[in-house]
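J.: For the record, in the sequence shown the residue sitting at position 23 is 23 according to UniProt numbering, with numbers rising by one throughout.
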Amino acid sequence: MKMHIEYSSSSRDEDKEQVKPTMMERFKVFLSYARPMFIMLFFDVGLPLAVYYILKIWLSVLVALILSGIPPLLRVLYVFWKKRHIDILGCDVRLTLLRDSTVTAVISLMFFFTLIPLKTRWFTIRPMIFLFSQQMMSEQPPVEWVDKQGKHCSMEQMEFLWQNVPFYRRYCYILNVLWGLALLGEFLAKVIMIESSLDVDHIILYGNIIMLSVMLSMTIGTLIASRFVRKRCVADSKVWHKENNYADRLPK
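#1: CB-CB under 6 Å to tyrosine 246, same chain, minus the five flanking residues each way: which ones, in chain order?
#2: Buried or exposed: which applies to glutamate 25, given that a residue is buried once 16 or more other Cβ atoms fall within 10 Å of its Cβ?
#3: Considering only residues of the stretch 96-148, which uninterrupted beta strand (DSSP E) runs meet the minimum length of 3 residues and lie entirely inside it, listed in chain order?
#4: Report the three-state DSSP secondary structure of serine 196 (helix, strand or coil).
#5: Would you identify the three-state DSSP class for serine 154, choosing helix, strand or coil?
#6: Quick check on this structure: which residue in Trp81, Leu49, Thr104, Phe42 has the alpha carbon closest to the alpha carbon of isoleucine 210?
#7: Pull up the distance between the alpha-carbon of lysine 56 and that of proline 141, whole angstroms please.
#8: Give the single residue among Ile203, Met155, Arg169, Val106 whose Cα lies nearest to the Cα of leucine 184.
#9: Looking at the secondary structure, which residues open and close the alpha helix (DSSP H) in which isoleucine 57 lies?
#10: To which residues of the same chain is valine 51 closer than 8 Å at the C-beta, ignoring the five residues directly before and after it?
#11: Could you tell me whether the stretch 110-128 touches the stretch 169-185, using the rule of 3 or more Cβ pairs below 8 Å?
#12: Exposed or buried, what is tryptophan 81 when buried is set at 16 or more other beta-carbons lying within 10 Å of its beta-carbon?
#13: With H, G and I counted as helix, E and B as strand and the rest as coil, what does DSSP make of alanine 225?
#14: Give the straight-line distance between the Cα atoms of methionine 155 and phenylalanine 228, rounded to the nearest whole angstrom.
#15: Does the Cβ of tryptophan 58 have 16 or more other Cβ atoms within 10 Å, making it buried, or fewer, making it exposed?
#16: Closest by CA to arginine 170, which one among His202, Trp122, Arg232?
#17: Express the C-alpha separation of isoleucine 54 and tryptophan 122 in angstroms, rounding to a whole number.
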């Protein structure tokens, strides 16, 4: 009888080993989760960035930004059409939550991507924080000065700060990294909750709390930092003008 029990126990152990998923099965499960993310990254990050930087060569920044939003819009319309006609009930709720949370990951990756100091004759990649500031300050008057040759120069305000105030460049890069890390952390927290034993209601509740906390803390921190940076940029700009503006030093 004892031998029979030992044999049964070993049989159960063998069954457990047989049930254990293989590396290929784990890889297939990973692909089932990763494939939608890769598709979303292509349509929501890759194509929009390519469209924006290519069209910016011939069109204005505003028009290029608007047109770069077409690929994600087409993907959203396609997914909406597909779900309404094909996949109304046959979806995994947790997988749907994971797909929805990839929007945060996409935005985070865009923050990190724009940290690449790539410059060509067609386009220049700059931090998203700088691009946001440039759009917000687009109606501000340009910065004007006279160089030592007596030539009158004019430059868009944020472009002037980027080229002539190193402190402002560092601020853009640092804030860009912080926003990217904050959004990536929010996404990873959602992934951990989705993969945990939490029920869907708690995942949605905690996910919204985390998202709200991240957005509020980062927005408030950005506003506070911006006030300090604005004062520093004004002071540094005055120093630059004192050294490089010859409007009052050249003979008339």
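The beta carbon of each residue, even a glycine, is placed where N, CA and C say it ideally should be.
T.: By the coordinates alone:
#1: The residues Val146, Lys148, in chain order, have a CB closer than 6 Å to that of tyrosine 246 in the same chain once the five nearest residues on each side in sequence are set aside.
#2: By the neighbour-count criterion, in which a residue is buried when 16 or more other Cβ atoms sit within 10 angstroms of its Cβ, glutamate 25 is exposed.
#3: As far as the stretch 96-148 is concerned, its whole beta strand (DSSP E) runs of at least 3 residues are 143-146.
#4: Three-state DSSP puts serine 196 in coil, outside helix and strand.
#5: In this structure, serine 154 counts as strand in the three-state DSSP scheme.
#6: Of the candidates Trp81, Leu49, Thr104, Phe42, the one whose C-alpha sits nearest the C-alpha of isoleucine 210 is Thr104.
#7: Approximately 22 Å between the Cα atoms of the pair.
#8: Restricting attention to Ile203, Met155, Arg169, Val106, the CA atom closest to the CA of leucine 184 is found in Val106.
#9: In the DSSP assignment, isoleucine 57 falls outside any alpha helix (DSSP H), carrying neither H nor E.
#10: Excluding sequence positions up to five before and after valine 51, its CB lies within less than 8 Å of the CB of Ala64, Leu67, Ser68, Ile70, Pro71, all in the same chain and listed in chain order.
#11: Contact between the stretch 110-128 and the stretch 169-185 is present, because at least three Cβ pairs lie under 8 Å.
#12: Counting Cβ neighbours within 10 Å, tryptophan 81 comes out exposed, since fewer than 16 surround it.
#13: The three-state reading of DSSP puts alanine 225 in helix, counting H, G and I together.
#14: If you draw a straight line from the Cα of methionine 155 to the Cα of phenylalanine 228, it is about 23 Å long.
#15: Exposed, because fewer than 16 other Cβ atoms sit within 10 Å of the Cβ of tryptophan 58.
#16: It is Arg232.
#17: Going by C-alpha positions, tryptophan 122 is about 7 Å away from isoleucine 54.
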